[in-house]
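Quick notes on the structure that follows.
There are 2 protein chains.
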Amino acid sequence: MEQPKANRREVQKSETRALILKSARKLFETLDYDKVTIRGVAALGRIGLGTIYKHFPNKLSMLAAAFSDDLKNMYQDALATVPDNQSFQSQFVHISKRFFSFYTSHYSLSRAYLSHLFFYEQEWIDEINAFDDRYAQKIAELIRAAQDTGEINPAKDSHILALALMSNYFFVLANSFLLDKITDPDQLATRLETLIEQTLL
Amino acid sequence: MEQPKANRREVQKSETRALILKSARKLFETLDYDKVTIRGVAALGRIGLGTIYKHFPNKLSMLAAAFSDDLKNMYQDALATVPDNQSFQSQFVHISKRFFSFYTSHYSLSRAYLSHLFFYEQEWIDEINAFDDRYAQKIAELIRAAQDTGEINPAKDSHILALALMSNYFFVLANSFLLDKITDPDQLATRLETLIEQTLL
DNA sequence: TTCATTCAGAGAACGTGTTCACTTAATAAA
DNA sequence: TTTATTAAGTGAACACGTTCTCTGAATGAA
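Here the protein sequences come in this chain order: Y and F. Heads up: the first sequence is residues 21 to 221, going by this note's numbering. Heads up: the second sequence is residues 21 to 221, going by this note's numbering.
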């Protein structure tokens with residue numbers, strides 16, 4: 021009731037926005053990015069072409085909006101399910117595998133997400149980066165815990181080590197999309213594990 | 021003299037191709053990728069629009085051709101100048117800095133190169149990857165040498181460790197283009213050094 | 001030499017993402 | 001209630017990358 025009179029206009033607008041995003045996501049999930057046309061999104065939502073540009077400045081920002089949504093869910097899920105009382109290495113692999121699982125099970129969509137990383141507007145870059153920062157923080161915590169138990173060399177800097185491990189993760193992820201087109205998350209996890217073993221040793 | 025008569029046609033064709041690449045490179049070096057138009061390249065070279073498509077299947081392949089050229093030079097230069105009789109760590113940083121130097125001194129062009137990594141035709145991906153493989157091989161050799169001198173833990177696998185270090189390198193490079201827009205190669209080298217210290221420790 | 005064939009060169013035409021001027025319905029002011 | 005203002009909604013128009021058909025010159029066969 022405290023809402024500012026729930027303007028008819030605003031309600032209508034946010035409904036339209038949701039409809040556009042729903043249509044866009046459906047198309048991105050089945051078609052390559054360049055095969056998805058704005059006219060196609062408009063037609064699927066029975067919306068005018070120009071209307072879409074009243075809600076999104078360009079095609080890419082629709083992708084970014086969807087990516088941001090999915091990232092939020094992924095991080096929430098991954099961080100909530102970190103297994104306690106396990107070695108740091110298996111914790112890290114566990115978390116990474118949840119990410120890999122998403123990416124491999126939504127292959128075409130994920131390829132669009134990741135391949136356009138360099139093209140998102142700064143606003144979206146910052147948002148994505150905020151996720152990564154929080155994630156790095158969490159990993160650093162787990163590392164410090166593992167240093168207390170003696171699993172990891174206490175001489176290492178937990179925060180920088182976290183970044184080094186994340187670089188291994190991104191490397192495996194990027195390679196799988198760029199070269200191998202691997203669709204099995206276990207295979208990716210294994211590959212990541214051999215990399216981080218070298219880093220943690 | 022064994023050449024097949026040096027067809028007038030073939031000579032003319034390769035000259036045209038070179039002219040196109042020269043025009044394209046000049047534009048890519050000063051303008052963002054999407055600000056470079058095929059019509060602009062054609063105009064600069066006083067060439068017909070359709071002619072360009074007789075030499076390159078699409079806009080991206082002109083960029084890929086230029087990238088491949090530059091990569092060849094960079095790798096040749098970097099591998100030829102590896103300083104002997106230094107610690108592995110400083111060797112690796114030295115090589116990396118040469119790459120960083122190229123990328124930062126041709127910032128706009130390099131951004132185009134790297135941001136389109138996911139979009140190159142398989143043919144070009146394979147070529148780029150071949151460079152990386154040879155590079156990884158070389159790094160692994162240096163690591164084995166460092167293991168002999170006791171600088172690096174002999175328990176580590178030289179080839180996998182090489183990949184782990186390259187992942188650190190790519191991480192620093194990607195971050196600099198994605199977030200920081202750093203244009204000082206020394207700063208990038210320092211950042212890389214802190215990362216690989218954790219990995220080598 | 002003469003003529004048929006090939007293929008580099010060229011630009012019109014097409015579908016795309018994006019911009020823009022316009023319409024129309026919701027809100028605010030009278 | 002009546003009128004003015006705002007802003008969502010719309011599709012024609014534009015510039016782009018790319019495709020296509022056409023032209024003309026180089027090549028090879030006669």
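Note that beta-carbon positions come from the ideal geometry of N, C-alpha and C, so glycine has one too.
Boundaries (first-last residue) of the alpha helix (DSSP H) holding residue i
| i | result |
| --- | --- |
| N188/F | S178 to N195 |
| I67/Y | Taken as a continuous stretch (DSSP letters only), I67/Y belongs to no alpha helix (DSSP H), as it is neither H nor E. |
| V56/F | Careful: V56/F lies outside any alpha helix (DSSP H) and carries neither H nor E. |
| D204/F | Here D204/F belongs to no alpha helix (DSSP H), and DSSP marks it neither H nor E. |
Residue-level contact to chain F via CB, residue i, 8 Å cutoff
| i | result |
| --- | --- |
| K176/Y | yes |
| T287/Y | Look at the range of chain Y in this structure, 21 to 221, and you will see that residue 287/Y is not part of it. |
| I159/Y | no |
| A184/Y | yes |
| L20/Y | This structure gives no information on residue 20/Y, because the portion of chain Y shown stretches from 21 to 221. |
| I180/Y | yes |
| F191/Y | yes |
| A209/Y | no |
| F139/Y | yes |
| F120/Y | no |
| L99/Y | no |
| L51/Y | no |
| F197/Y | yes |
| I172/Y | no |
| N149/Y | yes |
| L39/Y | no |
| L221/Y | yes |
Chain Y within 8 Å of residue i, Cβ atoms only
| i | result |
| --- | --- |
| Q218/F | yes |
| S130/F | no |
| T214/F | yes |
| I163/F | no |
| K25/F | Its pLDDT being 43, under 50, K25/F is placed unreliably in this model, and the value from its coordinates should be taken loosely. No, its Cβ sits nowhere closer than 8 Å to a Cβ of chain Y. |
| L80/F | no |
| S88/F | no |
| S135/F | yes |
| S187/F | yes |
| I145/F | yes |
| L83/F | no |
Residue burial classification, residue i (beta-carbon count within 10 angstroms, cutoff 16)
| i | result |
| --- | --- |
| A38/Y | exposed |
| K74/Y | exposed |
| Q111/Y | buried |
| P205/F | buried |
| N188/F | buried |
| A175/Y | exposed |
| T203/F | exposed |
| I154/Y | In the sequence as presented, Ile is not what sits at residue 154/Y; that position holds Arg. Result: exposed. |
| G65/Y | buried |
Residue i CB to nearest heavy atom of the ligand NAD below 7 Å
| i | result |
| --- | --- |
| K79/Y | What this structure holds is no ligand at all, so the ligand NAD is not there to describe. |
Going residue by residue through the segment 87 to 146 of chain Y, where are the continuous alpha helix (DSSP H) segments of at least 4 residues, counting only ones entirely within it? Within the segment 87 to 146 of chain Y, the complete alpha helix (DSSP H) segments of 4 residues or longer fall at 108 to 125 and 127 to 135, listed in chain order.
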